Each structure stands twice: as structure tokens, then as C-alpha cells.
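Reviewing the structure listed below.
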Amino acid sequence: MYGFEALTFNIHGGYLEAIVRGHRAGLLTTADYNNLCQCENLDDIKMHLSATKYGSYLQNEPSPLHTTTIVEKCTLKLVDDYKHMLCQATEPMSTFLEYIRYGHMIDNVVLIVTGTLHERDVQELIEKCHPLGMFDSIATLAVAQNMRELYRLVLVDTPLAPYFSECLTSEDLDDMNIEIMRNTLYKAYLEDFYKFCQKLGGATAEIMSDLLAFEADRRAVNITINSIGTELTREDRKKLYSNFGLLYPYGHEELAICEDIDQVRGVMEKYPPYQAIFSKMSYGESQMLDKAFYEEEVRRLCLAFEQQFHYGVFFAYMRLREQEIRNLMWISECVAQNQKSRIHDSVVYMF
Amino acid sequence: MITTIAVRDRRMSGMGVDASSWGAALVRISPYTFSAIGIAISIGVSVLGAAWGIYITGSSLIGAAIEAPRITSKNLISVIFCEAVAIYGVIVAIILQTKLESVPTSKMYDAESLRAGYAIFASGIIVGFANLVCGLCVGIIGSSCALSDAQNSTLFVKILVIEIFGSALGLFGVIVGIIMSAQATWPTKLISGIFIVIWILSLVSRRKNLCEDSESFFWDS
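Sequences listed follow chains A and B, in order.
When we follow the numbering used here, the leftmost residue of the first sequence carries the number 29, and every step to the right adds one.
When we follow the numbering used here, the leftmost residue of the second sequence carries the number 58, and every step to the right adds one.
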């Protein structure tokens with residue numbers, strides 16, 4: 029019953045919600061980012077980060093730092109936080125937290141399969157995988173030749189198994205198929221997550237519906253823009269769009285027939301929330317679209333913390349941390365390559 | 058047996074209920090039952106409210122204190138406000154049980170004794186449910202208070218003011234409950250008191266008559 033979650037949420041979720049809000053207080057603020065942007069080299073960055081919650085993760089690193097080390101250690105903190113929350117959670121929160129990982133699992137699967145296709149070493153690929161998306165038999169992915177084998181050998185035992193029903197073909201894996209597989213899996217995952225949140229009901233359903241709908245719409249726009257000029261047919265493109273969200277179903281009809289970015293803009297400007305995003309960009313410019321979407325996502329995620337007694341705060345915290353790690357990676361790369369003028373192109377400020 | 062049934066029927070039709078209806082069943086429930094249930098509800102449901110509030114506040118407080126240990130001592134006030142709700146329930150239960158008196162069997166179903174029984178019952182329900190919602194209210198606000206204090210310590214006092222208003226709800230319940238319980242006068246003492254008064258008056262008037270008679274006797278002789 030919406031509105032009465034306050035009475036019983038704290039039995040199972042009170043402690044973890046308080047912990048995740050404590051973590052949220054440790055996210056980097058604009059002042060921290062300004063300090064980091066002033067840094068001259070990576071050691072300065074390490075020094076500034078030692079005053080934040082990342083301190084204990086970075087302090088033991090030897091002096092010639094790489095940007096990948098910084099990103100890896102920060103991701104380690106995210107994984108530690110997540111695992112701490114997951115082991116304390118009961119149903120249905122533990123299922124909810126598991127759902128947050130499936131996106132990373134899909135990314136890891138695609139990474140390994142693509143890498144194998146391009147003749148890379150399996151061990152090297154596994155090191156590049158996101159730690160939240162690891163599962164036991166991940167190394168076996170390198171052996172599979174087509175999707176049916178992929179499913180039968182590896183994925184049938186993982187939580188991703190139910191998402192494969194739509195993309196089981198006997199075709200060999202190549203770049204195009206892999207991208208389609210990634211998007212099909214992600215579509216099935218988003219729809220499953222959406223249904224799960226609707227089943228939970230209450231404030232969780234409302235807040236997560238909004239966040240997932242934005243995610244679905246953003247992916248739809250990205251799929252459209254990326255497939256302009258490729259061989260992907262309109263029907264195939266439409267099959268990759270999720271069946272929920274603000275753009276469903278009429279926006280999807282219109283997006284499926286778009287042939288360039290201005291047409292996409294024309295479609296999106298009919299929807300007020302997205303019109304605000306697109307109005308920030310001038311005509312013909314698409315580089316800023318990613319950043320505009322990230323900013324909108326961060327804005328909505330921060331709003332999820334305004335309400336108490338729902339699971340959306342966990343999802344929001346994980347996403348905000350990932351955004352912060354992206355910010356740190358960008359800043360580290362700019363500092364390491366001495367391109368500090370471009371730092372502000374891609375840093376999304378949160379608070 | 059038939060005469061007692063006839064007496065009961067006449068008494069009940071005097072009270073306005075048909076002898077074989079649900080209303081008849083209700084007025085045949087002993088007033089002691091109603092009183093006892095009222096006392097049980099007053100303490101039981103109050104403690105339920107207090108416990109509910111304490112766990113809502115406590116779980117948030119513990120989790121928030123991990124990242125911000127400074128909040129623990131101040132936020133125990135929220136737990137104390139919830140505890141006060143349980144104390145109100147205990148106090149009223151003790152007051153109510155002192156109002157219980159024995160009534161002779163012939164008077165047990167009189168209107169007066171039913172009224173006393175219902176008064177104690179109502180008082181118990183008032184206090185119990187007022188404290189239930191008060192405990193819940195203070196608990197939820199206390200949880201938000203702990204989480205906000207962990208983020209920004211200037212918010213604590215402001216949210217405490219909200220909590221104080223919430224805890225006043227329990228106090229309203231206690232006040233009205235105690236006023237209701239003052240209505241719980243059982244029939245025994247009053248009627249026997251009237252008899253005693255009448256008897257004393259009769260003694261006094263007989264004494265006066267005797268004195269006047271003896272005076273007139275002395276005067277005449």
C-alpha cells in the first residue's frame with residue numbers, strides 16, 4: 029500500500045538504508061572536483077583523494093600511478109560497499125540488489141566474446157571485466173563459437189539465462205550480432221527489472237519506474253543514433269527498444285524511421301522532459317548528448333534520495349558511484365595527458 | 058426459573074432491547090469483562106506502539122551512526138519519546154485498575170454498573186490507540202531525524218520540534234482517558250451510602266421526638 033511503507037520497511041531494510049545514505053554522504057562534491065581539476069599530476073590526485081572515502085584504497089599504491097589503477101581501486105570500493113550491503117540484505121532486497129549486477133554481467137559477457145573474436149587473450153580480458161559482473165564460469169565464454177553454444181555452455185547456469193530466449197540463433201558471432209545480442213539482452217533485463225519493481229509496489233515501484241523508464245528511453249535514443257547509416261533494418265531496430273518508458277509505443281514508431289540526428293531531435297522534442305535536454309544543444313551537435321543525458325540521469329538519481337523507505341536509494345547510490353568513477357577516470361586521463369582544458373567537457377557534477 | 062426470566066425480560070424491555078436480539082446479548086456481558094479488556098488494551102496496545110516506534114528509529118539510528126558516530130547520543134531522545142508512550146499506558150492501566158470495585162450480583166446488570174464498565178473500557182481503548190499511533194509517529198520522525206542529522210547537523214533541533222508535537226498526541230489520549238475513567242462509579246457505595254444517610258437521619262429524628270416527649274413530660278409534671 030503506497031504511503032504506509034514507513035510502518036514496516038525498517039524491519040528488514042532500515043539498517044541498510046541508513047548505511048547507504050551514509051555512503052551517499054561520502055560522494056565527491058563540486059568542491060572536491062574543483063580541487064581535483066587543479067591537480068598537476070596523478071600523485072596530486074591521489075593526495076586529494078586520500079582525504080575522501082577513497083583514501084584507504086589508494087594509500088598503498090606505489091608512486092608511478094596509472095589512471096587504470098585509480099579507476100580499479102575506486103571500483104573496488106564500490107564493490108566492497110555493494111557486497112557488504114548484499115550480505116546483510118534479506119528478500120526481496122537481496123533480489124533487488126542482485127538485479128543491479130546483471131547489467132554489468134551483460135557488459136562482461138559482451139566484452140569477453142568481442143575480445144575473443146579479435147583474438148585477445150582470455151586472462152587479459154577477464155582482468156578488464158567489471159568486478160560486479162563476474163560469475164564463476166566466465167572464462168568458458170571464450171570457447172563458444174555461436175550463440176547457441178554460448179547459451180548452452182555457460183549462460184544457462186547464470187541469472188542471465190531467461191534473457192536469452194529472444195536471441196538464440198545458430199549464426200556465428202560477429203561484431204554486428206554481438207551488438208544486437210547486447211542490446212537484446214539488455215532490453216530483456218530492463219523489462220524484467222521493471223516488472224520486478226512493479227511487483228514490489230509502493231514507493232519503490234514509483235521511483236524505480238521513473239529511473240528505469242529514463243534508462244530505457246536513453247538506450248532507445250542511443251541505439252537509434254548508433255544505427256543510423258548501418259545495415260540495421262527498421263524492424264530490427266524497433267525490436268531492440270524496450271516496451272516501457274515515456275517513448276513507448278509512439279515514440280518508438282517515430283524513432284524507428286529516423287535517418288539522421290535532426291530527425292531524432294524532432295521526435296524527442298515532442299516529449300517535455302527530453303525537450304529540456306535537447307534544447308541545451310545546438311543543431312547538428314551530438315557530442316554533448318551523452319553528457320546531457322548523464323546530467324539528467326544524475327539529477328533524477330539525486331532526487332531518489334528525497335524519499336525514505338524504498339529500495340530506489342540503493343540503485344541510485346550504485347549509479348552515482350559509477351558516474352563518479354567515470355568522472356575520476358576522465359579527470360585522471362586529462363591530467364595525465366596534460367589536456368586540462370578539456371576537463372570540464374565531461375565531468376558531471378552531483379552536489 | 059420462569060420468574061427470573063420474566064424479571065430479566067422486564068428489566069431488559071425497560072432498557073429498550075428485545076430479549077432475543079444481539080443488543081440483549083451485549084447487555085448481558087458482564088461489565089467486569091469490559092473493564093478488564095479496557096485495562097488490557099490500554100497497556101498492551103500502548104506498549105505495541107512504543108515498541109514499533111523504537112524499532113523504526115533504532116534500526117535507522119544504528120545504520121546511520123556507522124558513518125557519523127556523533128549522532129548517537131543526541132538521537133537517543135527519539136527513543137526516549139517512544140518509551141514515554143509505554144509509560145503513559147502503564148500509568149493509565151494502574152489508574153484504571155484502582156477504579157474496579159466489587160458489585161453485588163443483584164446490581165451487576167444495572168445501568169449504573171454497565172456504565173462504569175463501559176467507561177473503563179472506553180478509557181482503555183482511548184489510551185491504547187492514541188499511544189499506538191503516537192509511538193508510530195514519533196518512531197518514523199525519529200528515523201528521519203537520525204538520517205538527516207547524519208547528513209547535516211543543523212537539522213536535528215528542527216526535526217526534534219516536529220517530534221515533540223507528535224508526542225503530544227499520546228498525552229491527549231492520556232488526558233481524555235483519565236477524564237473518562239473518573240466516570241467509572243459503580244452502584245454499590247452510592248446506594249448503600251444513601252441508606253446509611255437515611256438511617257442516620259431517621260435516628261436523629263427519633264431522638265428529637267424522644268427529647269421533645271420527655272421535655273413535655275417533665276413540664277407537665
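From the three backbone atoms N, C-alpha and C, an ideal C-beta is built for every residue, glycine too.
On a predicted model such as this, the values are computed, not experimentally measured, just so you know.
Note the first and the last residue of the continuous alpha helix (DSSP H) segment covering residue i.
i: residue 300 of chain A; result: 300-306
i: residue 108 of chain A; result: 95-116
i: residue 88 of chain B; result: 88-124
i: residue 50 of chain A; result: 33-53
i: residue 376 of chain A; result: Per DSSP, residue 376 of chain A belongs to no alpha helix (DSSP H) and is neither H nor E.
i: residue 30 of chain A; result: It is not in any alpha helix (DSSP H) - residue 30 of chain A carries neither H nor E in the DSSP assignment.
i: residue 88 of chain A; result: Careful: residue 88 of chain A lies outside any alpha helix (DSSP H) and carries neither H nor E.
i: residue 131 of chain B; result: 128-155
i: residue 276 of chain A; result: Premise fails: residue 276 of chain A is in no alpha helix (DSSP H) and is neither H nor E.
i: residue 132 of chain A; result: 121-145
i: residue 80 of chain B; result: 79-84
i: residue 368 of chain A; result: Counting along the chain, residue 368 of chain A falls outside any alpha helix (DSSP H), and DSSP gives it neither H nor E.
i: residue 9 of chain A; result: Past the boundaries of the shown model lies residue 9 of chain A; chain A is included only from 29 to 379, so the question cannot be answered.
Check residue i in the structure and name its three-state DSSP category.
i: residue 174 of chain A; result: strand
i: residue 67 of chain A; result: coil
i: residue 240 of chain B; result: coil
i: residue 22 of chain A; result: Coverage of chain A is limited to positions 29 through 379, which leaves residue 22 of chain A absent and any answer about it impossible.
i: residue 80 of chain A; result: coil
i: residue 243 of chain A; result: helix
i: residue 290 of chain A; result: helix
i: residue 162 of chain A; result: coil
i: residue 362 of chain A; result: helix
i: residue 75 of chain B; result: coil
i: residue 72 of chain A; result: helix
i: residue 231 of chain B; result: helix
i: residue 255 of chain A; result: helix
i: residue 236 of chain A; result: helix
i: residue 259 of chain B; result: helix
i: residue 159 of chain B; result: coil
i: residue 58 of chain A; result: helix
i: residue 267 of chain B; result: helix
i: residue 182 of chain A; result: coil
i: residue 309 of chain A; result: coil
i: residue 297 of chain A; result: coil
i: residue 261 of chain A; result: coil
i: residue 219 of chain B; result: helix
Using C-beta distances below 7 angstroms, list every residue in its chain close to residue i, excluding the 5 sequence neighbours before and after it, in chain order.
i: residue 309 of chain A; result: 316, 317 and 320
i: residue 124 of chain B; result: 207
i: residue 56 of chain A; result: 80 and 352
i: residue 204 of chain B; result: 117 and 121
i: residue 238 of chain B; result: 152, 153, 156, 176, 177 and 180
i: residue 345 of chain A; result: 48, 51 and 52
i: residue 78 of chain A; result: 86 and 87
i: residue 93 of chain A; result: 70, 71 and 74
i: residue 135 of chain A; result: 158 and 161
i: residue 212 of chain B; result: 205 and 206
Might you give, ordered along the chain, the residues of its own chain that have their beta carbon closer than 8 angstroms to the beta carbon of residue i, omitting 5 neighbours on each side?
i: residue 85 of chain A; result: 101, 102, 104 and 105
i: residue 253 of chain A; result: 289, 292, 314 and 317
i: residue 170 of chain B; result: 88, 160, 164, 243 and 244
For residue i, tell me which candidate among the options has the shortest Cα-Cα distance.
i: residue 145 of chain B; options: B/264, B/242, B/230 and B/267; result: B/230
i: residue 97 of chain A; options: A/114, A/369 and A/70; result: A/70
i: residue 218 of chain A; options: A/278, A/280, A/110 and A/188; result: A/188
i: residue 265 of chain A; options: A/131, A/247 and A/274; result: A/247
i: residue 372 of chain A; options: A/232, A/365 and A/355; result: A/355
i: residue 331 of chain A; options: A/45, A/76, A/378 and A/77; result: A/378
i: residue 138 of chain B; options: B/150, B/108 and B/265; result: B/108
i: residue 273 of chain A; options: A/138, A/154 and A/241; result: A/241
i: residue 95 of chain A; options: A/294, A/245 and A/363; result: A/363
i: residue 42 of chain A; options: B/196, B/263, B/185 and B/102; result: B/196
i: residue 39 of chain A; options: A/193, A/233 and A/121; result: A/121
i: residue 168 of chain A; options: A/181, A/176 and A/174; result: A/181
i: residue 165 of chain A; options: A/83, A/54 and A/183; result: A/183
Excluding sequence positions up to five away, which residues of its chain have a Cβ less than 6 angstroms from the Cβ of residue i?
i: residue 65 of chain A; result: 371
Check the Cβ-Cβ distances between residue i and every residue of chain C, and say whether any is below 8 angstroms.
i: residue 119 of chain B; result: Among the chains of the structure shown, chain C does not appear; the protein chains present are A and B.
Where in the region 311-357 of chain A do unbroken runs of the alpha helix (DSSP H), each at least 4 residues long, occur, reported from the N-terminal end onward? Complete alpha helix (DSSP H) runs here, min 4: 315-332.
What are the complete alpha helix (DSSP H) segments, minimum 4 residues, inside the region 163-214 of chain B? 168-208
What are the complete alpha helix (DSSP H) segments, minimum 4 residues, inside the region 191-231 of chain A? If we require 4 residues or more, the alpha helix (DSSP H) runs fully inside the region 191-231 of chain A come out as 203-228.
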